[in-house]
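*Asks:* Numbering (mature numbering (1 follows the signal peptide of the UniProt record, and there is no 0)), first residue to last: -19 to -1, 1 to 193.
Note that the Cβ used here is the ideal one computed from N, Cα and C, for glycine as well.
Because the structure is a prediction, the values reported are computed rather than measured.
1. Should residue 167 and residue 14 be called a contact, given that it needs their Cβ atoms to be closer than 7 Å?
2. Is the beta carbon of residue 183 less than 7 Å from the beta carbon of residue 150?
3. Quick check on residue 11: buried or exposed, where buried means 16 or more other Cβ atoms within 10 Å of its Cβ?
4. Buried or exposed for residue 98, please, with buried defined as at least 16 other CB atoms from any protein chain shown within 10 angstroms of its CB.
5. Please report how far the alpha carbon of residue 109 lies from the alpha carbon of residue 68, in whole angstroms.
6. Hey, residue 55 and residue 25: beta-carbon distance below 7 Å or not?
7. Between which two residues does the alpha helix (DSSP H) containing residue 44 stretch?
8. Tell whether a beta-carbon distance below 7 Å holds between residue 47 and residue 31.
9. Counting only C-beta atoms, is residue 103 closer than 7 Å to chain C at any point?
10. Quick one: what's got a C-beta closer than 7 Å to residue 128's C-beta in the same chain, skipping five residues either side?
11. Indicate the three-state DSSP secondary structure (helix, strand or coil) for residue 160 in the structure shown.
12. So the candidates are 152, 171, 134 and 162; which of them puts its Cα closest to the Cα of residue 124?
13. Helix, strand or coil, according to DSSP, for residue 171 in the structure here?
14. Closest to residue 8 by C-alpha separation, out of 164, 78, 148 and 165, would be which residue?
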């Protein structure tokens, strides 16, 4: 795990070696979980915060490196004898060979970006049990790592300013399965079958090369 994080930091540093072709960004997103259609599961919301950099390699090819933090609540079927509060957080390191569909220098263009994602997921479950003696609460947690893939499409709006600042509005999916650590916490129960997360994200890119 430490080796993967070191490799990510080396790549991130390499991106900054040529500032004229690089744009750092910060992002905010809202996501929900995708379940197997056979499961009686509720919608599980998540919020993501991200930071990274885009590198203009040539023309339409704009590879991007990103660190992302996602957190939220995980919901599934309700048990009448007990209820549980499930929360999760995960740190995702990703590399996206992003492709611009249109002229990068125009006022707006579309983009598509497949992703490779390395995820570190921590799950916490607090179980509240009701009985004749009262209510008892027990908290458990565990962590897992995953290799995942993602895919997104979006529109980028370029602002007319001294620097090449832009706003990207993306719709994306990733195969990150936050159900896995919860299934490990409850090995004797039916698997949840969380198939990934999908949602919308906004990324603001900061140009470091003055245009005017």
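*Replies:* Based on what the coordinates show:
1. Locating residue 167 in the chain shown gives position 186, counting from the first residue. Locating residue 14 in the chain shown gives position 33, counting from the first residue. Result no, Cβ atoms of residue 167 and residue 14 do not sit closer than 7 Å.
2. On the chain shown, residue 183 is found 202 positions in, with the first residue counted as 1. On the chain shown, residue 150 is found 169 positions in, with the first residue counted as 1. Against a cut-off of 7 Å, the Cβ pair of residue 150 and residue 183 comes out as a contact.
3. Reading the chain shown from its first residue, position 30 is the one you call residue 11. The residue in question, residue 11, is exposed, as its Cβ has fewer than 16 Cβ neighbours within 10 Å.
4. As a working mapping, residue 98 is identified with position 117 in the chain shown. So residue 98 counts as buried.
5. The residue given as residue 109 occupies position 128 in the chain shown. The residue given as residue 68 occupies position 87 in the chain shown. Distance from the CA of residue 109 to the CA of residue 68, rounded to the nearest whole angstrom, comes to 14 Å.
6. Numbered from 1 along the chain shown, position 74 holds the residue referred to as residue 55. Numbered from 1 along the chain shown, position 44 holds the residue referred to as residue 25. Judged by their CB atoms, residue 55 and residue 25 are nearer to each other than the 7 Å cut-off.
7. One-based indexing of the chain shown puts residue 44 at position 63. Note, residue 44: premise wrong, no alpha helix (DSSP H); beta strand (DSSP E) at 42 to 55.
8. Position 66 of the chain shown, counted from the start, is the residue given in the question as residue 47. Position 50 of the chain shown, counted from the start, is the residue given in the question as residue 31. Result yes, Cβ atoms of residue 47 and residue 31 sit closer than 7 Å.
9. No chain C is present in this structure, which holds just one protein chain.
10. Stepping through the chain shown from its first residue, residue 128 is reached at position 147. So the list reads 99, once near-sequence residues are dropped.
11. Here residue 160 is taken as the residue at index 179 of the chain shown, counted from 1. Of the three classes helix, strand and coil, the one that applies to residue 160 here is helix, per DSSP.
12. If you number the chain shown from 1, residue 124 lands on position 143. If you compare the alpha carbons of 152, 171, 134 and 162 with that of residue 124, the shortest gap goes to 162.
13. The sequence position of residue 171 within the chain shown is 190, counting from 1. Correct three-state label for residue 171: coil.
14. If you number the chain shown from 1, residue 8 lands on position 27. That would be 148, whose Cα lies nearest to the Cα of residue 8.
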